[in-house]
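Just below is one structure, and these are the notes that go with it.
Protein chains: 2
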Amino acid sequence: MRHYTAEQIAELPSKYRAHFINSCTGFKSANLLGSISEDGITNVAIFSSVTHLGSNPPLLGFILRPTTVDRNTYENLKKTGVFTVNHVNQNFIKEAHKTSAKYDGTVSEFDKTLLNEEYLDDFKAPYVQQSRIKLGCTFENEYFIKENDCHFIIGRIQHIYVDREIQAEDGWLNLERAQTVCIDGLDGYALPQILNRFTYAQPDQPVNSIKDLGS
Amino acid sequence: MRHYTAEQIAELPSKYRAHFINSCTGFKSANLLGSISEDGITNVAIFSSVTHLGSNPPLLGFILRPTTVDRNTYENLKKTGVFTVNHVNQNFIKEAHKTSAKYDGTVSEFDKTLLNEEYLDDFKAPYVQQSRIKLGCTFENEYFIKENDCHFIIGRIQHIYVDREIQAEDGWLNLERAQTVCIDGLDGYALPQILNRFTYAQPDQPVNSIKDLGS
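If you read the sequences in order, they're chains G and X. For the first sequence, our numbering assigns the number 24 to the initial residue and increments by one for each residue that follows. For the second sequence, our numbering assigns the number 24 to the initial residue and increments by one for each residue that follows.
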C-alpha cells in the first residue's frame, strides 16, 4: 500500500490534496438543500455532509463553510429558520452538480438548472420537485468548529415526503429503489446497490440477513 | 407521495422510527474505528457518521453516543489520543456489522470477528488488516451536542494507506475500485458504482464529464 504521512499530505498540491482528502473518508450523502431569502429569492445547493444525528427527536447535521458558496444557504436558513433536504437521484446528477457554482444571492439556481422548485403544505422553503425523498427542516442550532472555521448546523425534521414503494414494512427506506446516489470526493457520483441487511448484533450471537428489502 | 408530519413521526413505534429516520438522510459512510485502551485491549466498531470536514488541515468528524456501544471507542481515543478509520469492504460487511454488538471493555471485537488487527509505522491504535483504505488519526477536539447528548468528534488525519491502483492522477480515490460500501439506515449495506465525475462548476458555464476515473 502507498503510505502518506501528515507531512507529505501538507506538501501535496492544493487541488490534489482536496480531491484526495475529500474522498478518503468514504462515500458521502448527496442532498440538495433548498432555502429562500427574506426577499423571496430561492436557493438550491448540493451538500455532501448531511448526516443522521438522532431519531427521537429526528435530527440531522451538516457542515457549512459560510465564506464560500454555502453563504446564501446559511443566511437564508438563519433568517427564515427553515430549509429542505432533497435526495439527489441518478437522473439529475449533472443538474445537481451545477448548483455548486458560485452564483450571488440575486440569482436562483432553480433558474440556472433544470431543477424545479415545489412548495408543499405551506412550508416556506422550496423543495426540489424531482427528488423522490424530501425533508422539511427547521434550524435548531449551530456549533462553530474553530479548527477550520466551519459551522456544524443542526436541523430538526418536520416533514418527510417519500414515494410509498420505497419504504419497507419496518420503516427502512430502500434508497436503491429511490435511485438515490452518493458522492465520492468533490465531483464523483455513484449509484449504490443494496447488498444485504443484517439483524441487530448482540454479543456472541449470530447475525442473520433480513429479507425485507421493501419488496 | 406519502407525507409524514413531525407529530406523526413522534408517534411512530420506536424501532420503525429508528429505521425510517436513520435512512431518510441518504447513504452514509461505512467505517470501522479502531482504538486501544491504556491496558492494551483493542476495540473496533462500525460507524456510519464519519464525514469530511476539511482538507487543509486534513480533518474529519463523526458522532459519538457515549452512553451506548460507542463508549469504549470514546474512552480509548480520549485516553490515548489516537484512533484509526478503516473502510468497510464488500467482502466483510457481515463481520463489520457484528462489531455493533455491545461487548464490554474487557473484550476485543477483533477476537469476536474475523477482522484482523494490524499495526503500522509505530502508530498505537490498531488498523483493520482487511481494509483497502485506512487512516491513522489523532483526537483534535470534541463538541457536545446538547440537542441529543451526542459528541461531535474532530479527528486530524496523520496517516493514509491506500492501494495504489485506487488513486487517480488528480488525487481522487476511486472508491468503487476499493469496493468500499456505504450504509442505508441502521443495517443496510450497499455497493456503489461510479456514474460520472464532473468538472468544477462555474456560473453560466457548462459542466463536463471528467474521464479520469483512475484507470
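Cβ coordinates follow ideal geometry from the N, Cα and C atoms, glycine included.
Partner residues on chain X for G:Val230, Cβ-Cβ distance less than 8 Å: Within the first sequence, residue 230 of chain G is the residue found at index 207, counting from 1. Those within 8 Å of G:Val230 in chain X are Lys117, His120 and Lys121.
When G:Ala213, G:Leu209 and G:Ala191 are compared against X:Phe208, the one with the closest alpha-carbon: By 1-based counting over the second sequence, the position of residue 208 of chain X is 185. Looking at the sequence provided, one finds Gly at residue 208 of chain X rather than Phe. It is G:Ala191 whose Cα lies nearest to the Cα of X:Gly208.
Proximity to G:Ile206 [Cα-Cα], best of X:Arg200, X:Ala201, X:Asn114 and X:Leu218: Within the first sequence, residue 206 of chain G is the residue found at index 183, counting from 1. That would be X:Leu218, whose Cα lies nearest to the Cα of G:Ile206.
Contact the region 141–157 of chain G vs the region 108–123 of chain G: 3+ CB pairs below 8 Å: yes
For G:Tyr166, the residue or residues it bridges with in DSSP: The residue you call residue 166 of chain G lines up with position 143 of the first sequence. Answer is G:Phe175.
X:Glu132 (DSSP reduced to helix, strand or coil): One-based indexing of the second sequence puts residue 132 of chain X at position 109. Three-state DSSP puts X:Glu132 in a helix.
Residues near X:Ile176 in its chain [Cβ-Cβ closer than 6 Å; skip 5 each side]: Residue mapping note: residue 176 of chain X aligns to position 153 of the second sequence, counting from 1. Within the same chain, X:Ile176 has close Cβ partners Phe85, Leu87 and Glu165.
Beta carbon proximity, G:Asn54 to chain X, threshold 9 Å: Walking along the first sequence from the start, residue 54 of chain G turns up at place 31. Yes, G:Asn54 counts as interfacial toward chain X.
Test: G:Ala124 CB closer than 9 Å to a CB of chain X: Numbered from its first residue, the first sequence carries residue 124 of chain G at position 101. Yes, its Cβ sits closer than 9 Å to a Cβ of chain X.
Nearest-angstrom Cα separation, counted from G:Leu55 out to X:Tyr39: Within the second sequence, the letter at position 16 stands for residue 39 of chain X. Within the first sequence, the letter at position 32 stands for residue 55 of chain G. In this structure, the CA atom of X:Tyr39 is about 25 Å from the CA atom of G:Leu55.
Nearest neighbour of X:Leu100, chosen from X:Tyr142, X:Val67, X:Gly211 and X:Ile168 [CA to CA]: Residue numbering aside, residue 100 of chain X sits at position 77 when the second sequence is read from its first letter. Of X:Tyr142, X:Val67, X:Gly211 and X:Ile168, the residue nearest in Cα terms is X:Val67.
Which listed residue (X:Pro36, X:Ala224, X:Thr28 and X:Ile32) has its alpha carbon closest to that of G:Thr136: Along the first sequence, read from residue 1 onward, the residue named residue 136 of chain G stands at position 113. Measuring from the Cα of G:Thr136, the nearest candidate turns out to be X:Ala224.
Interface residues of chain X facing G:Ser78 [CB-CB closer than 7 Å]: For the purposes of this step, residue 78 of chain G is taken as the residue at position 55 of the first sequence. What G:Ser78 touches in chain X: Arg40, Ala41, Ile44 and Asn45.
Element boundaries [beta strand (DSSP E), containing X:Tyr212]: Residue numbering aside, residue 212 of chain X sits at position 189 when the second sequence is read from its first letter. Taken as a continuous stretch (DSSP letters only), the beta strand (DSSP E) holding X:Tyr212 covers Gly211 to Arg220.
Contact set between the region 124–152 of chain G and chain X, restricted to residues whose Cβ is under 9 Å from the partner: Ala124, Lys125, Tyr126, Asp127, Val130, Lys135, Leu143 and Asp144
Identity of the residue in G:Gln216, G:Gly211 and G:Ile233 nearest G:Asn45 by Cα: For the purposes of this step, residue 45 of chain G is identified with residue 22 of the first sequence, where counting begins at 1. That would be G:Gly211, whose Cα lies nearest to the Cα of G:Asn45.
Whether G:Gly63 touches X:Glu170 by CB criterion (9 Å): Against the first sequence, residue 63 of chain G aligns to sequence position 40. Against the second sequence, residue 170 of chain X aligns to sequence position 147. Cβ atoms of G:Gly63 and X:Glu170: not closer than 9 Å.
Any chain G beta carbon closer than 9 Å to X:Ser60: The residue you call residue 60 of chain X lines up with position 37 of the second sequence. Judged by the 9 Å Cβ criterion, X:Ser60 is not in contact with chain G.
Min CB distance X:Val73 to chain G below 9 Å: On the second sequence, position 50 is the one that residue 73 of chain X refers to. Cβ-Cβ to chain G under 9 Å: yes for X:Val73.
Euclidean distance between Cα positions of G:Leu196 and X:Ala213: Residue 196 of chain G sits at position 173 when you count from the first residue of the first sequence. Residue 213 of chain X sits at position 190 when you count from the first residue of the second sequence. Distance between the alpha carbons of G:Leu196 and X:Ala213: 13 Å.
Chain X contact residues for G:Gln181, given Cβ-Cβ distances below 8 Å: Mapped onto the first sequence, residue 181 of chain G falls at position 158. Neighbours of G:Gln181 on chain X, chain order: Thr28 and Ala29.
Residues in the region 207–224 of chain X having any Cβ partner in chain G nearer than 8 Å: Asp207, Gly208, Leu209, Asp210, Gly211, Tyr212, Ala213, Leu214, Pro215, Gln216, Ile217, Leu218, Asn219, Arg220, Phe221, Thr222, Tyr223 and Ala224
9 Å Cβ cutoff met for X:Ser58 and X:Thr107: Against the second sequence, residue 58 of chain X aligns to sequence position 35. Against the second sequence, residue 107 of chain X aligns to sequence position 84. In this structure, X:Thr107 lies closer than 9 Å to X:Ser58 by Cβ.
Coil, strand or helix - X:Leu35 by DSSP: In the second sequence, counting from the first residue as 1, residue 35 of chain X sits at position 12. It is coil, neither helix nor strand.
Collapsed DSSP secondary structure at G:Tyr126 in the structure displayed: Within the first sequence, numbered from 1, the residue matching residue 126 of chain G stands at position 103. The answer is coil: DSSP assigns G:Tyr126 none of H, G, I, E or B.
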